[in-house]
Amino acid sequence: MAAAHGRGLLHLAAAVDLPGALDAGPYAELVKLAEHGGLDFVTLDDSFARPGPDALGVLSRVAPGTRRIGLVPTVTTTHTEPFQVQAAVATLDWVSRGRAGWRIEVSTTEGEARLFGRRHAAPAETVWQEAGEVADVAARLWDSWEDDAVYREPAGGRYLDRDRLHHVGFTGSAFSVRGPSTLPRPPQGHPVRVVDATDGPARAVAARYADVALVRAASPDRAAAAREQLRDAAAGFGRRPESLLVLVSLLVDLGDGEHAAEPGHGGGGPRPTVQGPLYRGGPVDLAELIAGWHADGATDGFHLVPVAPRRDLERLVNGTVALLQHRGLFRTFYPGSTLREHLGLARPAGRYTVTGGTS
1 MAAAHGRGLL
11 HLAAAVDLPG
21 ALDAGPYAEL
31 VKLAEHGGLD
41 FVTLDDSFAR
51 PGPDALGVLS
61 RVAPGTRRIG
71 LVPTVTTTHT
81 EPFQVQAAVA
91 TLDWVSRGRA
101 GWRIEVSTTE
111 GEARLFGRRH
121 AAPAETVWQE
131 AGEVADVAAR
141 LWDSWEDDAV
151 YREPAGGRYL
161 DRDRLHHVGF
171 TGSAFSVRGP
181 STLPRPPQGH
191 PVRVVDATDG
201 PARAVAARYA
211 DVALVRAASP
221 DRAAAAREQL
231 RDAAAGFGRR
241 PESLLVLVSL
251 LVDLGDGEHA
261 AEPGHGGGGP
271 RPTVQGPLYR
281 GGPVDLAELI
291 AGWHADGATD
301 GFHLVPVAPR
311 RDLERLVNGT
321 VALLQHRGLF
331 RTFYPGSTLR
341 EHLGLARPAG
351 RYTVTGGTS
């Protein structure tokens, strides 16, 4: 069904953060609920600054129990080895059959640096530059195996064509990587790269490397301005601006059920808080807010962070999403099987296949 106002369908994602939860079961329940609503992807936050399970490990455990929804863990690039980061994200793409993304994050505190004992904390500008280099080398390593590097013989054997493996020979500001990767090219070619581009140092990385940028904006005007700035910057890096999707990230508190949103939340927009813009009200008013911002061209969609994960995600799926589906603004089924297909993003060609890079 075509969307109103001639715009494409919304993109919707949700966080499945469960502070204190160590068992995979509760995460799996939330991801399945989000998949029931047809959401593009879920995110799971992670940080060296607080205790908790590894987000990438949790979503790798959840992957076999789901079929379509994208899985996007936060992966911190500071203090970690780029070669291991790309291999872990590629593994998630393989075990989920093409549904992986990764939310690129950095570490700036001395306390986090002491956990590793390798170096002192660095300014945000420095670690975000490094994060961009990790995003770059990860893509090169994913491309280091051509798509047909592994082939099957008629007798049923599997063989590796070593002429289709390539050394990437990358040297960055803080690391160097020779390659090739230890894994065949992921099903999506490049798992989807997500960056929270709200703060300045992250914006250049998002514009240059991200497939999806998240912005915490409390008004449609601010969301539209951030979207325009990011897409202009993407064009400056030689990208097609429309290849960068920009989603507004909102905290949502649906504890008031069907009651109208509080002043400053519903019709007046979300309320700014220390944690980011917060919507508090019912799922009906939230659907109106989402539809209105999208119709105005302020955003490609929304990344929603439930304040009470189980309660709010259920009301989001059964209330807000159902209303948006009824109005023809959001999908009622997954037409594809990979996260790139959900987002309308092409599978990138391998650079070494195209350019004949050196081995």
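Using UniProt numbering, the first residue of the sequence shown is number 1, and each one after it goes up by one. Where is the CB? At the ideal position from N, CA and C, for every residue including glycine. Computed from a predicted model, the values in this text were never measured in an experiment.
Assumed close pair residue i, residue j - CB separation to whole angstroms, cut-off 8 Å
i, j, result
"Gly132", "Arg208", "6 Å"
"Ala138", "Gln86", "4 Å"
"Val192", "Gly101", "4 Å"
"His342", "Asp40", "5 Å"
"Asp17", "Pro309", "7 Å"
"Thr320", "Pro283", "4 Å"
"Trp145", "Pro180", "6 Å"
"Leu286", "Leu254", "7 Å"
"Glu110", "Ala121", "4 Å"
"Leu10", "Leu304", "Incorrect: roughly 11 Å between the Cβ atoms, too far for contact."
Residue nearest to residue i in terms of C-alpha spacing, selected from the options
i, options, result
"Thr74", "Val62, Leu56, Phe83", "Leu56"
"Val95", "Leu230, Gln188, Leu214", "Gln188"
"Glu29", "His11, Ile69, Thr78", "Ile69"
"Phe170", "Arg162, Phe237, Asp143, Gly236", "Asp143"
"Ala15", "Phe302, Ser337, Leu343", "Phe302"
"Ala210", "Arg140, Val194, Ser219, Ala224", "Val194"
"Pro186", "Glu105, Pro201, Leu214, Arg140", "Arg140"
"Leu345", "Val62, His79, Arg240", "Arg240"
"Thr182", "Ala235, Arg162, Ala174", "Arg162"
"Val134", "Val89, Gly25, Ala224", "Val89"
"Pro220", "Val177, Tyr159, Ile290", "Ile290"
"Phe175", "Tyr151, Asp136, Gly8, Ala63", "Asp136"
"Phe48", "Thr126, Thr80, Val72", "Thr80"
"Trp128", "His167, Arg280, Ala225, Thr76", "Thr76"
"Ala21", "Pro51, His11, Val274, Gly8", "Pro51"
"Val205", "Thr126, Gly281, Glu35, Gly25", "Thr126"
"Ala217", "Trp293, Gly336, Leu9, Pro335", "Trp293"
"Ser173", "Thr78, Pro19, Gly25", "Thr78"
"Val317", "Pro19, Gly25, Gly8, Glu35", "Glu35"
"Gly8", "Tyr279, Gly328, Glu288", "Gly328"
Proximity below 9 Å, CB of residue i to CB of residue j
i, j, result
"Leu33", "Leu59", "no"
"Gly37", "Ala322", "yes"
"Arg103", "Asp196", "yes"
"Asp300", "Arg227", "yes"
"Val42", "Ala13", "yes"
"Val252", "Pro306", "yes"
"Asp45", "Ala124", "no"
"Arg97", "Thr338", "yes"
"Arg114", "Thr66", "no"
"Val212", "Leu165", "no"
"Asp54", "Gly350", "no"
"Val72", "Tyr27", "no"
Local Cβ density within 10 Å of residue i, reported as buried at 16 or more and exposed below that
i, result
"Glu130", "buried"
"Gln84", "exposed"
"Leu333", "Here residue 333 is Phe; the residue named in the question, Leu, does not match the sequence. Answer is exposed; the Cβ neighbour count stays below 16."
"Phe330", "buried"
"Arg315", "buried"
"His190", "buried"
"Leu160", "exposed"
"Ser107", "buried"
"Tyr151", "exposed"
"Pro82", "buried"
"Val274", "exposed"
"Arg340", "buried"
"Glu242", "exposed"
"Arg178", "exposed"
"Gly336", "exposed"
"Gly281", "buried"
"Ala260", "Confidence is the limiting factor: at Ala260 the pLDDT is only 49, short of 50, which leaves the residue's position unreliable, though a coordinate-based value still follows. Label assigned to Ala260: exposed."
Cβ of residue i within 9 Å of any chain B Cβ
i, result
"Ala21", "The chain inventory of the structure shown lacks chain B, comprising one protein chain alone."
Specify whether the stretch 241-256 and the stretch 269-282 touch according to this definition: at least 3 beta carbon pairs, one from each stretch, less than 8 Å apart.
The answer is yes - the stretch 269-282 touches the stretch 241-256, with three or more Cβ pairs under 8 Å.
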